[in-house]
Amino acid sequence: MAAHLKGEKTQVLTDFLHLNDLACEAVGGKVLFATDDFFAPAENLLKKKSPVFKPDEFTDYGKWMDGWETRRKRIPGHDWCIIQLGVPGIVHGCEVNTSFFAGNCAPRISIQAACLMQVDLPEFWPRGDRTGTAASDEELKAVKKMKSDEWTLLVPMKELKPRYLDTSHNYFSASCKRKWTHIRLNIYPDGGIARFKVYGVVQKDWSASGPNDLDDFMAMENGGICVGFSSAQLGHPRNILGLGRATSMEDGWETARRPDRPPVLKVDDKGILLVPGSEWAVFRLAHPCVITHIEIDTYHFKGNFPDTCKLEACVLNTQEEKDCITQKWNLKQDPKWNPLLSVTKLKPNKRHFFDGTTLQMEDVITHVRLIIVPDGGVSRMRLWGFPRALNK
Ligand SMILES: NC(=O)NC(NC(N)=O)C(=O)[O-]
Numbered sequence: 001m002a003a004h005l006k007g008e009k010t011q012v013l014t015d016f017l018h019l020n021d022l023a024c025e026a027v028g029g030k031v032l033f034a035t036d037d038f039f040a041p042a043e044n045l046l047k048k049k050s051p052v053f054k055p056d057e058f059t060d061y062g063k064w065m066d067g068w069e070t071r072r073k074r075i076p077g078h079d080w081c082i083i084q085l086g087v088p089g090i091v092h093g094c095e096v097n098t099s100f101f102a103g104n105c106a107p108r109i110s111i112q113a114a115c116l117m118q119v120d121l122p123e124f125w126p127r128g129d130r131t132g133t134a135a136s137d138e139e140l141k142a143v144k145k146m147k148s149d150e151w152t153l154l155v156p157m158k159e160l161k162p163r164y165l166d167t168s169h170n171y172f173s174a175s176c177k178r179k180w181t182h183i184r185l186n187i188y189p190d191g192g193i194a195r196f197k198v199y200g201v202v203q204k205d206w207s208a209s210g211p212n213d214l215d216d217f218m219a220m221e222n223g224g225i226c227v228g229f230s231s232a233q234l235g236h237p238r239n240i241l242g243l244g245r246a247t248s249m250e251d252g253w254e255t256a257r258r259p260d261r262p263p264v265l266k267v268d269d270k271g272i273l274l275v276p277g278s279e280w281a282v283f284r285l286a287h288p289c290v291i292t293h294i295e296i297d298t299y300h301f302k303g304n305f306p307d308t309c310k311l312e313a314c315v316l317n318t319q320e321e322k323d324c325i326t327q328k329w330n331l332k333q334d335p336k337w338n339p340l341l342s343v344t345k346l347k348p349n350k351r352h353f354f355d356g357t358t359l360q361m362e363d364v365i366t367h368v369r370l371i372i373v374p375d376g377g378v379s380r381m382r383l384w385g386f387p388r389a390l391n392k
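Sequential numbering of the sequence shown, starting at 1, is according to the UniProt record's numbering.
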């Protein structure tokens with residue numbers, strides 16, 4: 001899954017792209033302040049939907065743009081905005097998407113961060129309460145007043161690639177891997193950016209959880225992440241860790257149609273499709289745990305739900321995690337993985353619930369692998385259970 005930017009003198013490792021976007025409006029990310037948004041508001045930066053271009057659309061201020069766009073500066077200084085992350089976490093890298101900003105793109109950016117609330121996640125953001133806001137009025141005033149040198153530099157000033165090179169995605173690794181609550185995005189001196197993503201991992205304080213505290217160990221707000229997958233062509237598998245039910249197909253994991261499906265399909269006597277291939281995604285759970293309840297949701301996937309799914313689980317250390325996603329996956333060569341949920345027929349547009357009577361494992365696990373046959377879409381997966389210590 002390692003990907004590199006081509007044609008750059010210094011290549012930027014973009015392994016962080018599979019992590020969760022902590023700034024996205026869908027997880028509660030907010031723009032608190034922007035120096036200017038004459039042509040288009042900074043709130044657009046945090047939208048989950050990909051940017052669009054409407055060639056004939058103009059506002060009273062100028063060309064309608066799907067992003068943040070400031071006016072051409074005729075006074076000293078540069079433009080910047082402050083973003084409150086929806087969920088505080090360790091930031092690994094950022095993506096600056098300049099799609100459709102041709103001739104009005106910001107030429108340079110830098111990115112700074114601050115940790116302004118030393119509170120733990122459960123207090124900070126009660127489960128399911130997306131409107132719960134961390135910052136008191138005083139904290140908001142304080143963050144707006146902070147001088148530039150009071151912020152920690154995550155990405156020093158960098159050029160954005162001009163749009164005519166058709167490289168609208170600019171990736172930057174973050175230098176300081178600590179927990180942050182706020183980001184300051186600087187553009188030099190002015191201009192437009194379509195979307196801004198802050199990729200990272202949520203750090204929940206598990207010392208506050210007892211062994212009988214039921215939790216969802218897949219949930220992004222608890223610290224679950226996707227670490228590898230076979231296909232993400234139509235929707236990234238990290239989406240299935242998201243809050244609430246999926247808003248659309250785009251908000252789920254969707255693979256391409258597998259080309260190795262036979263030309264005429266057949267099923268066995270249980271109605272299970274007979275096909276050679278499958279797709280998979282591996283997730284690192286928020287904490288070592290035992291799983292007692294599972295939900296697999298195919299909401300929005302009506303003509304493209306998988307025929308069956310199964311779940312495997314195991315304990316992986318850091319090296320084993322890397323090996324399992326870089327090697328060409330083969331069940332027989334991979335004895336670490338054990339069944340958690342056996343092959344199960346799925347239905348379209350439906351929540352599927354499984355309890356302890358169906359699950360095949362009571363061991364402590366750190367990772368799960370969702371396998372779908374032959375291909376298709378899953379919108380959410382929840383793995384409920386209890387936190388446990390790992391036996392070393
Ligand atoms: N045609 C433009 O895009 N002009 C201006 N921008 C908008 N959005 O109108 C500008 O000067 O940057």
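We treat Cβ as the ideally placed atom computed from N, Cα and C, and that holds for glycine.
For residue i, the three-state DSSP class (helix, strand or coil)
i	result
HIS92	strand
LEU383	strand
ILE272	coil
VAL27	helix
VAL119	Reliability of the predicted coordinates at VAL119 is poor, the pLDDT of 41 falling under 50, and no value is obtained from them.
LYS145	helix
ASN391	coil
ASN44	helix
HIS18	helix
ILE75	coil
GLN360	coil
GLN112	strand
PRO306	coil
GLN233	coil
GLU321	helix
ASN338	strand
LEU243	coil
THR70	coil
PRO374	coil
MET220	coil
GLU150	helix
ARG258	coil
Straight-line gap, residue i to residue j (C-alpha atoms, nearest Å)
i	j	result
PRO76	PHE53	31 Å
MET65	LEU265	46 Å
LYS49	LYS270	39 Å
ALA208	ASP56	54 Å
PRO387	VAL202	16 Å
GLY228	TRP384	21 Å
MET249	GLY235	8 Å
LEU341	GLY356	10 Å
LYS144	ILE193	21 Å
ALA219	ARG382	7 Å
CYS81	THR247	27 Å
GLU43	THR98	15 Å
ASN349	ARG72	48 Å
LEU17	GLY242	16 Å
THR255	THR14	21 Å
PHE353	ASP251	20 Å
LEU185	MET157	11 Å
VAL267	GLU95	44 Å
THR131	GLU25	Confidence at THR131 is low in this model, with a pLDDT of 34, below 50, so the placement of that residue is unreliable and no value is reported for it.
ASP120	ARG258	The pLDDT assigned to ASP120 is 39, lower than 50, so where the model puts this residue is not dependable; a value taken from the coordinates is nonetheless given after this. Going from the Cα of ASP120 to the Cα of ARG258 covers about 43 Å.
ILE296	LEU116	36 Å
Selection from the options that minimises the alpha carbon distance to residue i
i	options	result
ILE294	ALA313, TRP68, ARG184	ALA313
ASP36	THR70, PRO51, VAL87	THR70
GLY277	ILE371, LYS177, ALA34, TYR299	ILE371
TRP180	PHE58, ALA23, THR318, ARG257	ALA23
LEU87	ALA106, ASN349, PHE58, TYR199	Reading off the sequence shown, one finds Val at residue 87, where the question assumed Leu. VAL87 has its Cα closest to that of TYR199, out of ALA106, ASN349, PHE58, TYR199.
VAL368	GLY356, PRO335, ALA281	ALA281
ALA174	VAL275, PRO263, HIS92	HIS92
ILE365	ARG380, LYS336, GLY191	LYS336
GLY62	LEU346, SER168, PHE38	PHE38
PHE100	TYR188, PRO51, ARG184	PRO51
LEU390	CYS289, MET157, GLU362	CYS289
ARG380	ILE83, LYS310, TRP253	TRP253
LYS47	PHE33, GLY29, ALA106, ALA34	GLY29
MET361	ILE187, GLY244, LYS310, SER230	LYS310
Check your understanding: Do the segment 304-311 and the segment 374-385 meet, that is, are 3 or more Cβ pairs less than 8 Å apart?
Key -> At 8 Å Cβ cutoff, the stretches touch.
Considering only residues of the segment 173-208, which uninterrupted alpha helix (DSSP H) runs meet the minimum length of 4 residues and lie entirely inside it, listed in chain order? You should have found no qualifying run.
Report task. Could you tell me whether the segment 217-225 touches the segment 274-285, where touching means 3 or more Cβ pairs closer than 8 Å? Result -> Per the Cβ contact rule, the segment 217-225 is in contact with the segment 274-285 (3 or more Cβ pairs under 8 Å).
Q. Are there three or more Cβ pairs, one per stretch, closer than 8 Å when the segment 102-115 is compared with the segment 145-152?
A. Because the criterion of three Cβ pairs below 8 Å is met, the segment 102-115 and the segment 145-152 touch.
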